[in-house]
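Here the structure comes first, spelled out in structure tokens, and everything after it is commentary.
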Amino acid sequence: MTSGYLRFPHIHGDQVVFVADDDLWLTTVAGGRAHRLTAEHVPVRSPRFSPDGTKIAYVLGEPGNQDLWVLDLDGGRRRLTWLSARRMQVSGWADDKHILMASMHNEALRALSWVYSVSLDGDVERKPWGPAMSAAIHPDGRVAVVSPNFRGPEHWKRYRGGMANRVWVSIADGKDWSRVLPQETASLTGATWWRDRLIFTSDLGARLPKSVKDQGQVWSVRPDGTDLRNHTHHTFEQGYCRDATTDGQRVIYHARGQIYWMQNLDSKPRRLNVKLALGAPDQQTVEGTDRLDGIAPDHGGDGSLLVWRGQAWFLTHRSGPARALSDLPGVRIREAIPLGRSGKGIWATDAEGEDCLEIVQLDGDGDPRRICHGAVGRVLALAACQDGSRVAVASHDGAIHAVDVAAGTARRVGLSAGGEATGLTFSPDGRYLVWREALRGEGAVGRLVGHDFSENKGFTLTRGRFNDFSPTFSLDGKYLWFLSSRNIDPAYDELGFDLGFTNTVRPYVIPLRAEDPAPFGPSADGWAISDGDDADKKGAAHDRSEGEETKQESLVLEVEGAEDRMVPLPVPAGRYDQLMPTSGGIAWRRLNPYAGVLGSGRPPGSESKDTVEAFDLSRRKSTVLVEACDDAAVSGDGKQLIVRNGDELWVQGSDARPEDDEARITVDLGRLRRTQQPRDEWRQMFDENARLMRDHFWREDMNGVDWAAACAAYRPLIEEITTHDDLVDVLEETVAELNTSHAYVIPPHGEGDQRVAWLGAEFRRNSKGEIVIARILDGESSDPMARSPLRAAGVAARPGDVILAVDGRLTAEVPDINALLLGAAGKPVELTLVRGRMKRRVAVVPVESEGPLLYHEWVAARAARVEKKSNGRVGYLHVPNMMAQGWAEFHRLIDEASRKEAVVVDVRYNGGGHTSSLVLERLSRKVVAWGMGRHHQDAEPYPFQGMRGPVVFVTNPYAGSDGDIITAAAQNLKLGPVVGERSWGGVIGIDGRFDLVDGTVVTQPRYAFALDKQGFGVENHGTVPDIPVELSPADWEGGVDRQLDVAVAEALARLQKKAAAKPPVLPPPAFR
């Protein structure tokens, strides 16, 4: 019986190498015990035997930091590349001394990987076979390549979009390419030679929409596309066939953590029964700062209730022990808060499967009590009234429930139909519950609503024209504070003619009673100077004696006219969040000063941190309490502020100042100590991911997929896996059964601090083996990410200069200059440069990727090509994504492009986002008039940057999501024809709302998209171009761009039919 979760096998004669437990293992086709070959315990991919069977090439590292290694079966291993690739895989060996690998590193364009030949000495040479994610060479020289996809087919099963893997075969080495099975829309993955046939894996047998359970199988075909054969017949229970490889005779692959092999293509698959000396994964130590997701102080600020990697703990702020309140293995706690002043805590738990509420004494005494199992949906937020008798719950479906704690019952008191309800807050007397109801724009606009428990009815406080959020009552119950985005004060755009709105938020206050004045500003009795009862009556809460509690009047909220009597605090509009009532007034987090989404406006090296400010009602003045933090919370009595900044946690008075170090009490998180068994956590993560998808998928019927059955089939694999990389693989395969885009599983651990850094140049070696600068990459001065370190002030490097040493280490003594730049991104590095007889030392700061530099070079080359092909008549725009970066690039190019007679809009490689409507709006502007001024050489078109003539779009399989939508919408709007190839085909949107207990992000495709013309048909299909131009591998080489050339020709042809708008000639004088 096989143990472990086995993947990525390769075969050579009787020997089999595979991956398990994040290492390489060796066995034979006879099975039995396998032997571990490596012991890094780091993710490994695609091992391949050398032709003579003495070596194994493989990829080592997390995605984003992957490199090629080779292992000698007689002993020893070595690293061959220093690329820190986002994705890399070994395709095989070109000969005994050269490995074929496909790598996506320093990518300028989304999703593209290229094939390289890497010698055992580490020389890397790109093969002229176009972009590919795998390649294979036949003994007679024929080459088969598979087009790239940034995901394997097992991660989007039964995919039929434009990025489906295509197989191309050349007659000779990289010449005369023909496509295999050109009419097939399914992915043909991992094609490799078996004698004179090509074998590959594919789910092409699944005829959608009916064959939704059909699996990927092993297939073969002749290179001319004839004699297609199916060699496996895996059922859903056996799993999806993956990564089939061969030694030219035998074939081997894996499915659901099991390895199967065939003696030849005419034999039946046999499961490889192999034993690994693997037990349960080692116990894992959880650090005190690891996934500290929630910090909720008690009433007096003496301690806090913590959510610490899925468990509930209570930690005193000064000295004292840490106390576990709910620490069951394989259970996740969320949204923990004190249950008012009852001395208890309450939180959501999945201890019984579906969410329920658990109540525990904060002193740890007594047994936990669980209520409302399955009655409140997935809990997103909790709030408790002061006496702990009632709890409000915001659920995943927009429902707001009120829970009677004593009875353990829940009833719905509201529904936020436009998205999640947020900002739950009780009045101090418990009569009123107020929250933010999401309305429009996927929750971007919200209003304040509530429920009166005395009258048992709901009410609406604000109209919902603006975004109102973060409501909270004052401690005395007289006022409702909230934030609102109502500062409608436009600012002129500094790059073009436009007006926009930023810094729109201010804190506001509504007195509950219409006759009460605001706690600042004019009143009939003026602003009291004296202390005493009179001042107290006017809201001067600061005059209470030490230890005296806030007096709570039972006030009636006058709903009518509430929005009319709202008053802004006398603070500037800005970016605010998280109002917190204090004993002296109100505090808030001011978000870091707005410097743009990309952050390029911030000083280099500066941290983006929030501040905590407060408005003191007695002084009628705002002050800064904390200068930099990640989060903050106020104790129930409003007197203590708990602050987190990085790994630091401290307590200070809610009126303390940043410079008052003695007022700070550092909270020792080192008192939090525990270990856990990873598999306990993995079981919980699997089940939670299943519930998240069930509750948030865009259709309640899961689009016809039996989701419960799919999860039941994959859950037993959790007992076989031994690493987090295994877990991610299982989760990805599970969600892939939904046959949909945007179902991602993104692990939390980073790429490591030993990633390669780059100098923004190309290099060669001289006869001494020293590194010589061959070319310095061009940059873009408006993009801080696209500047070569060698062009920085004071460096003055030139092509031909020798880099003698890096940080004093000779370049001639290392296999690759990047070996001297591990972990150096963003850090000063010393280069010793030699030019002739002159030697000098300079400091440079390497970058983490040359991708931005290469991207801007690519755009400049496209623009120059369009200029040349059209004789200056056609402009060029490239939009790399529909996010801030793409919007920035659009504005770099739009002014020059719009002045031409026609415009080519290139959305190839567009990574998606949410700004396609903004881009389309701009491209919809048509010039209808001209403005002319004396002494101005050129007339100005109206509207600003409008299109003078035709617009032609270019797309390809690597444009997706909002990159699909823009061309499909352009067809609906008849803005212009679309040239190129069918796009990715993924338009079911996500929001990245949820993560699992260890920080693994899981997405739920929850926002469907339908167009007038295509309906829902763009999903899993893509935008079909009006003018198809398919590229073969040869089209990618030699500096040609057929798709762009066709787009230019189409623009010129349309100009031939209808000339572009041009300014009129001035008429004769009107008065003669």
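The UniProt record's numbering applies: residue 1 is where the sequence shown begins, and numbers increase by one.
By construction, the Cβ of each residue, glycine as well, lies at the ideal position given by its N, Cα and C atoms.
Model, not experiment: these values are computed from the prediction.
Sorting Pro153, Asp227, Gly288 and Val1018 by C-alpha distance to the C-alpha of Met133 places Pro153 at the top. The closest CA to that of Val927, considering only Val907, Arg899, Glu107 and Arg908, is found on Arg899. Within the same chain, and ignoring the five residues on either side of Arg948 in sequence, the residues whose Cβ sits closer than 6 Å to its Cβ are Glu901, Val927, Ala1060 and Ala1061. Pairing Ala825 with Ala757 gives a Cβ-Cβ distance under 8 Å.
According to the DSSP assignment, Val251 belongs to the beta strand (DSSP E) that extends over Val251 to Ala255. The DSSP assignment places 874-878, 902-906 and 929-931 as complete runs of the beta strand (DSSP E) inside the region 872-931, in order along the chain (cut-off: 3 residues). Contiguous beta strand (DSSP E) elements confined to the region 306-393 occur at 311-316, 322-326, 333-338, 344-349, 356-361, 369-371 and 379-384, taking only those with 3 or more residues.
Between the beta-carbon of Gly851 and that of Gly886 there is about 15 Å, and that puts the pair past the 8 Å contact cut. No Cβ-Cβ contact shorter than 8 Å links Val118 with Trp129.
For Ala348, the closest C-alpha among the options Glu688, Ile171, Leu1066 and Gly1017 is that of Glu688. In this structure Leu672 is in contact with Leu315, their Cβ atoms being roughly 7 Å apart against a cut-off of 8 Å.
For Asp266, the secondary structure class from DSSP, reduced to helix, strand or coil, is coil.
Put simply, the region 807-816 does not touch the region 721-740. Fewer than three CB pairs are less than 8 Å apart. Judged by DSSP secondary structure, Arg179 falls within the beta strand (DSSP E) whose first and last residues are Lys175 to Val180.
The beta carbons of Ser916 and Ile965 sit closer together than 8 Å.
Apart from sequence neighbours up to five positions away, the residues of its chain that approach Gly999 with a beta-carbon distance below 7 Å are Arg291 and Pro748, ordered along the chain.
Within the DSSP bridge table, the entry for Thr811 names no partner. Rounded to whole angstroms, the separation of the alpha carbons of Trp193 and Gly92 is 11 Å. Taken through DSSP and simplified to helix, strand or coil, Leu973 comes out as helix. Non-local beta-carbon contacts of Gly911 in its own chain, meaning distances under 6 Å to residues more than five positions away in sequence, involve Arg110 and Asn881 in chain order. DSSP places Glu867 within a helical segment (H, G or I) once states are collapsed to three. Here the C-alpha atom of Ala793 lies approximately 38 Å from the C-alpha atom of Val624.
Judged by DSSP secondary structure, Glu1050 falls within the alpha helix (DSSP H) whose first and last residues are Arg1042 to Lys1057. DSSP places His35 within a strand segment (E or B) once states are collapsed to three.
Beta-bridge pairing by DSSP links Tyr1007 to Gly989. Burial is judged here by how many other beta carbons sit within 10 angstroms of a residue's own beta carbon; Met838 has fewer than 16 and is exposed. A straight line joining the alpha-carbon of Ala786 with that of Ala85 spans about 19 Å. Distance check between Tyr876 and each of Lys97, Val859, Asp938 and Pro522 places Val859 closest, using alpha-carbon atoms only. For Glu719, the three-state secondary structure derived from DSSP is helix.
Assignment of alpha helix (DSSP H) within the region 655-723, counting only whole runs of 4 or more residues, yields 678-696 and 707-714 in chain order.
The beta carbon of Arg126 sits closer than 6 Å to the beta carbons of Trp114 and Tyr116 from its chain, once the five residues preceding and following it are set aside; these are given in chain order.
The C-beta of Glu762 has fewer than 16 other C-beta atoms within 10 Å across all chains shown, which makes the residue exposed. Secondary structure note for Thr226: it is in no beta strand (DSSP E), with a DSSP letter that is neither H nor E.
For the 8 Å CB-CB criterion, Val221 and Arg250 do not form a contact. For Leu265, same chain residues with a beta-carbon under 8 Å away, outside a window of 5 residues either side, are Trp194, Arg197, Ile199, Ser220, Arg229, His231 and Val251 in chain order. Each residue's CA atom was taken as its position, placing Asp616 and Pro678 some 48 Å apart.
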